[in-house]
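Trainee:
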Amino acid sequence: MARILAISLNPALDLAIRLPQLALGRVNRTESTHLEAAGKGVNVARVLVALGHDVTVSGFLGAANDGVFVRAFADLGVEDACRRVAGETRINAKVAEHDGRVTDINGPGLAVDAGALEALRDDLDARAGDPSRRPDAVVIAGSLPPGVEATDLVALVTRLGERGIPVWVDTSGPALTAAIDAGPTAVKPNEQELADWAGESLDGEAPRLQAVRRLHAAGVAEALISAGRDGVLWASRRGEWLALPPTVAVTSTVGAGDTLVAGMLHGVLSGHPPEQVLRFATALSAEAVRHVGVGDPHADDFNDLQRQTRVQRLDDGERHAGGVHA
4 MARILAISLN PALDLAIRLP QLALGRVNRT ESTHLEAAGK GVNVARVLVA
54 LGHDVTVSGF LGAANDGVFV RAFADLGVED ACRRVAGETR INAKVAEHDG
104 RVTDINGPGL AVDAGALEAL RDDLDARAGD PSRRPDAVVI AGSLPPGVEA
154 TDLVALVTRL GERGIPVWVD TSGPALTAAI DAGPTAVKPN EQELADWAGE
204 SLDGEAPRLQ AVRRLHAAGV AEALISAGRD GVLWASRRGE WLALPPTVAV
254 TSTVGAGDTL VAGMLHGVLS GHPPEQVLRF ATALSAEAVR HVGVGDPHAD
304 DFNDLQRQTR VQRLDDGERH AGGVHA
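Take any residue in the sequence shown, note its place counting from 1, add 3, and you have its number in the working numbering.
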């Protein structure tokens, strides 16, 4: 399997809270709570490890409360290459209700100084130049912490790209716009994030497809958009594809996008046919929303979820009767 570096510039300790319904301004009784090492890059790493890849996690952790991460990385069997900075890693609360609504309460993150950022760049340079550690791909996922600007993200993407390493980026806002301009291998915005970049509403499959085409034309080799129940659109040299997920009971959408990124990267690096790549990643993302956490490729019914995922190529002339392929 592949050697993959997952960079989480702004990780978090996720406090997952499950309750029937959130009552604002009142005392709420939880059904369950769980504190877990998280952040989008860490979530991506979890899925990639489950798929058999050799994963290293990098980024920044607070030296004062890194114990949960140390234990999590050891349990996962990933290399811990995170830079420690003064202070505590943020704690994000994820409040999940029975109707599927999830309320995120996220902190800004640790302040990262220029010295820590330069140390991270030096480590990336060293890895890129060492055949025994050089990654087959890098995933940069999540928001930017205080002290790290969009221009810094551009520099990371450019630096890695110049060394011939594929870079997959999953972020939002100005960081996403800047990253796209840097020409990463792949980006995976959701519908609203892509709409913000495109500067127009993406209500419907046609405008979403046009936006994904624009993204691909802008130099993104693997252009993706996740639109929840409306599916996943993918434009690349392999064509333009749409996958519609199976119908599942939604418990939490936290981790579904990270799962999709990991599943797509897994399929692309494995050289699987595009229909198989997209079917697998979409089904795995659907598996993730059934519970708190990332998707489980070893779920007992995962093969059924893949069979229920419908995939269609959109750029092969007119659509065939019967629509998507089951």
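Even for Gly, the Cβ is constructed at its ideal location relative to N, Cα and C.
Would V115 pass as a contact of V88 if the rule is Cβ separation under 7 Å?
Mentor: Yes, they are a contact pair.
Trainee: Report, in whole angstroms, the separation of the C-beta atoms of A84 and T59, which I expect to be a contact under 8 Å.
Mentor: Indeed, because the Cβ distance is near 5 Å, the residues count as touching under 8 Å.
Trainee: Could you have a look at V1 and say whether DSSP puts it in helix, strand or coil?
Mentor: No information on residue 1 is available, as it lies outside the stretch 4 to 329 that the chain covers here.
Trainee: Are there three or more Cβ pairs, one per stretch, closer than 8 Å when the segment 241-251 is compared with the segment 186-204?
Mentor: Too few Cβ pairs lie closer than 8 Å, so no.
Trainee: Check whether the Cβ atoms of I7 and G44 lie closer than 7 Å to each other.
Mentor: No, the pair does not count as a contact, with Cβ atoms beyond the cut-off.
Trainee: By the 10 Å Cβ neighbour count, where 16 or more other Cβ atoms means buried, how is I108 classified, buried or exposed?
Mentor: Classification for I108: exposed.
Trainee: If you drop the 5 nearest sequence neighbours on each side, which residues of the same chain put their C-beta closer than 8 Å to that of R240?
Mentor: The answer, listed in chain order, is A224.
Trainee: Using the Cα positions of E100 and I20, report the straight-line distance between them to the nearest angstrom.
Mentor: One C-alpha to the other measures close to 9 Å.
Trainee: Using only alpha-carbon positions, find the residue among D319, A286, V295 that is nearest to D304.
Mentor: Taking only the C-alpha atoms, the option nearest D304 is A286.
Trainee: Ends of the beta strand (DSSP E) at K97?
Mentor: Unbroken beta strand (DSSP E) run through K97: 94-99.
Trainee: Compare the beta carbon distance of D139 and A291 with 7 Å and say whether it is the shorter of the two.
Mentor: No. Outside cutoff.
Trainee: Consult DSSP for L236 and reduce its assignment to one of helix, strand or coil.
Mentor: Strand.
Trainee: Excluding sequence positions up to five away, which residues of its chain have a Cβ less than 6 Å from the Cβ of L64?
Mentor: Within the same chain, L64 has close Cβ partners F72, C85, R87, T92.
Trainee: To the nearest angstrom, how far is the alpha carbon of D173 from that of A182?
Mentor: So the two alpha carbons sit approximately 9 Å from each other.
Trainee: Using a 10 Å radius around the Cβ and a threshold of 16 neighbouring Cβ atoms, would you call G42 buried or exposed?
Mentor: The residue is buried, with at least 16 neighbouring Cβ atoms inside 10 Å.
Trainee: Of the choices T312, V264, A289, whose alpha-carbon is the least far from that of V170?
Mentor: Taking only the C-alpha atoms, the option nearest V170 is V264.
Trainee: If you draw a straight line from the C-alpha of D1 to the C-alpha of A209, how long is it?
Mentor: As displayed, the chain neither begins before 4 nor continues past 329, which places residue 1 out of reach and without an answer.
Trainee: Could you tell me which whole alpha helix (DSSP H) segments of length 4 or greater appear in the segment 55-114?
Mentor: The qualifying runs are 70-79.
Trainee: Per DSSP, what kind of secondary structure is G242 in: helix, strand or coil?
Mentor: G242 falls in the strand class under three-state DSSP.
Trainee: Between T188, R211, A284, D199, which lies nearest to G222 when the distance is taken from Cα to Cα?
Mentor: The residue with the shortest Cα to Cα distance from G222 is T188.
Trainee: For the putative contact between L218 and A238, defined by C-beta atoms under 8 Å, what is the C-beta separation to the nearest angstrom?
Mentor: Correct: roughly 7 Å between the Cβ atoms.
Trainee: L236 to N193, Cα distance in whole Å?
Mentor: So the alpha carbons of these two residues sit roughly 10 Å apart.
Trainee: Under DSSP, the alpha helix (DSSP H) around I143 begins and ends at which residues?
Mentor: That residue, I143, is in no alpha helix (DSSP H); its beta strand (DSSP E) goes 140-144.
Trainee: If the criterion is Cβ atoms closer than 7 Å, does the pair V81 and A48 meet it?
Mentor: Yes, the Cβ-Cβ distance between V81 and A48 is below 7 Å.
Trainee: Using the Cα positions of T256 and V190, report the straight-line distance between them to the nearest angstrom.
Mentor: The straight-line gap from Cα to Cα measures roughly 19 Å.
Trainee: In angstroms with no decimal places, state the Cα-to-Cα distance between D331 and R32.
Mentor: No answer is possible for residue 331: it lies beyond the span of the chain, which begins at 4 and ends at 329.
Trainee: Figure out for me which residue from D184, G186, S175, A158 has the closest Cα to the Cα of A198.
Mentor: Here the closest residue by C-alpha is S175.
Trainee: Is the beta carbon of V151 sitting closer than 7 Å to the one on A185?
Mentor: The answer is no: Cβ separation not under 7 Å.
Trainee: Give me, in chain order, the residues of the same chain whose beta-carbon lies closer than 8 Å to that of R211; leave out the 5 immediate sequence neighbours on both sides.
Mentor: Result list for R211: E194, L197, L205, I228, A230, D233, L236, in chain order.
Trainee: At the level of alpha carbons, what is the spacing between A214 and D69?
Mentor: Their backbone Cα atoms lie some 40 Å apart in a straight line.
Trainee: Less than 7 Å separating the beta-carbons of L12 and L127?
Mentor: No.
Trainee: Since V295 and T254 should fall inside the 8 Å C-beta cutoff, what is the C-beta to C-beta distance between them, to a whole number of angstroms?
Mentor: That belief holds up - the Cβ atoms of V295 and T254 are roughly 7 Å apart, short of 8 Å.
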